[in-house]
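Be aware that the sequence shown starts at 1288, since it is given in the working numbering, and climbs by one per residue. These notes concern the structure reproduced below.
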Amino acid sequence: MKILVLNCGSSSLKYQFIDMENENVLAKGLCERIGAEGSIIKHQGKVEFKNEVPMSDHKAAIGHVIDALLNSDHGVISDIKEVGAVGHRVVHGGEKFTRSVIIDDQVYSAIQECCDLAPLHNPPNLMGIDACSALLPSVDQVAVFDTAFHQTMPEHAYLYAIPYEYYKKYKIRRYGFHGTSHKYVIKRVAELVDEPIEELRIITAHLGNGASVCATDGGKSLDTSMGLTPLEGLVMGTRSGDLDPAILAFIGKKEGITPQEMENILNKKSGVLGVSGLSHDFRDLEEAAEKGNERAKIALEIFFYRVAKYIGQYAVALKGVDVIAFTAGLGENSPFARAKISQYLCAIGAYLDPAKNNVRGKEAMISYDNSHPALYVVPTNEELVIAQDTFDLTR
């Protein structure tokens, strides 16, 4: 079976087309600027190309993806019937979903109900589902939720210390995100250390423009840094992460801005971008810091410190840890970031080997052999998790 994996953003669409017989990626790409001038599809398959084509909406974008897969010159299938199923990344499933599910009317309605919890993410996810219903009406679709993996968290980890009625009325609680990434990485860690996942305590650090840390015991999520929304937790590229909630009212009063404007500032103008005043891209900040830019230096140090602090908290929550794994763009590709974070981790017995740490984008143990916990780099593969869940549910 061949699975089309879709990750729909408000104006973008990432896709992969995977043959589940051998889990080979036959094609992948990105549609950008959907609904705007200059929309582009970037495709990698038998050949690579980049075309500027009109994309008025997600249905048009997915139409271009299907055309690329079917193209007589560079396509990877000869008939649309070769698309066995479609797997969608859906950001928020609330408390309704503890696992991936085949999408039907009831599931669709439940995803809609979670739009209040993820107003920037769930509506575009629904657009992708609608588009596939129109273009591939006979093909099963599966929703794979970022939040589902974290539904094993105990109450004391997911409840906020606010009046309990708000949880009962509005389901305000910690949900956590990046679930497919954390799920993939802990499974690979268990394979790499050749131990049953049921016997391992693993902390995963998904570090990119969006970032989260997750504590798992026996393959189950016990706690994670993101909360009701992806704003809580670590300092990120443009997100503030944890802060005193009184700051919102204080700045709002001083600057005369609304709660919605303040939320936009915390999501899009804060994080390392807000501190550095330079960039949300960690590569830019590393380069600037090397040249002596003080604000870039402090922005990076705040980030590294916060990551290490969360790892330390979760080592306590797990009553010990066997493996700490770095993943995602920064975690996989920045020896500098891993080294700076690991400077703090000797407090819990983790010792980075500088020679082993000189690796980018590959699986590797990067700690000394006698380090406990061990330190690993494990490139994530969220699309493969989505494809595997889709295959298991629809084959």
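Glycine included, every Cβ here is placed at the ideal spot set by N, Cα and C. Predicted model only: the values in this text are computed from it and were never measured.
Beta-bridge analysis with DSSP links R1488 to D1504. Note: A1498 is bridge-paired with L1494 in the DSSP secondary-structure output. Here the C-alpha atom of H1465 lies approximately 22 angstroms from the C-alpha atom of P1622.
For Q1547, there is no enclosing beta strand (DSSP E); the enclosing alpha helix (DSSP H) has its first and last residue at P1546 to K1555. Taking the C-beta atoms as reference points, F1590 is found nearer than 8 angstroms to V1559. Exclusion of the five residues before and after Y1302 leaves L1291, V1292, L1293, K1315, G1316 and V1352 as the residues of its chain whose Cβ lies within less than 7 angstroms of its Cβ. With respect to A1502, D1510 sits close: the two C-beta atoms are nearer than 8 angstroms.
By the neighbour-count definition (other C-beta atoms within 10 Å, threshold 16), C1295 is a buried residue. Residue L1671 holds the alpha-carbon nearest to the alpha-carbon of R1376 among L1671, R1682, V1562 and T1681. H1375 has L1293 and A1430 as its beta-bridge partners, per DSSP. With distances taken between CA atoms, L1313 lies nearest to H1361 out of G1350, K1346 and H1361.
Beta-bridge annotation (DSSP): Q1303 is paired with V1292 and K1315. By the beta-carbon neighbour count (other beta carbons within 10 angstroms, threshold 16), E1382 is exposed.
Take N1409, set aside five residues on each side of it, and the residues of its chain with a beta-carbon closer than 8 angstroms to its own are V1377, V1378, H1379, I1398, Q1399, C1401 and C1402, in chain order. Take E1588, set aside five residues on each side of it, and the residues of its chain with a beta-carbon closer than 8 angstroms to its own are K1627, in chain order. In the three-state DSSP reduction, K1329 falls in the strand class (E or B). Contact between V1363 and K1329 is ruled out by a C-beta separation of about 16 angstroms, above the 8 angstroms threshold. Note on T1667: 16 or more other CB atoms within 10 angstroms of its CB, so buried under the neighbour-count rule.
In the three-state scheme derived from DSSP, where H, G and I count as helix and E and B as strand, D1366 is classed as coil. In the assembly as shown, Q1393 is an exposed residue. Its beta-carbon has fewer than 16 other beta-carbons within 10 Å.
According to DSSP, D1510 shares a beta bridge with A1502.
By DSSP's assignment, Y1663 forms a beta bridge with A1612 and M1652. Contact annotation: H1443 and G1463 have beta-carbon atoms that are not nearer than 8 angstroms. Judged by DSSP secondary structure, E1335 falls within the beta strand (DSSP E) whose first and last residues are E1335 to E1339.
Straight-line measurement puts the Cα of E1548 at about 28 angstroms from the Cα of R1570.
DSSP places L1521 outside both helix and strand once states are collapsed to three, so it counts as coil. D1354 places its beta carbon 8 angstroms or farther from that of I1321. Distances from the alpha-carbon of G1616 to those of G1599, A1637 and G1648 put G1648 closest. The alpha-carbon of Q1675 is positioned some 46 angstroms away from that of G1539.
Your pair S1468 and T1677 does not check out as a contact, with CB atoms roughly 17 angstroms apart and the cut at 8 angstroms. Contact check for V1562 against R1593 fails: the beta carbons are separated by 8 angstroms or more.
L1518 is positioned such that its CB atom lies no closer than 8 angstroms to that of S1508. If you draw a 10 Å sphere on the C-beta of S1297, you find fewer than 16 other C-beta atoms in it, and that means exposed. Bounds of the alpha helix (DSSP H) holding H1443 are E1442 to Y1445. For M1414, the enclosing alpha helix (DSSP H) stretches over residues N1409 to L1422. Residue burial annotation: I1305 is buried, with at least 16 other C-beta atoms found within 10 angstroms of its C-beta.
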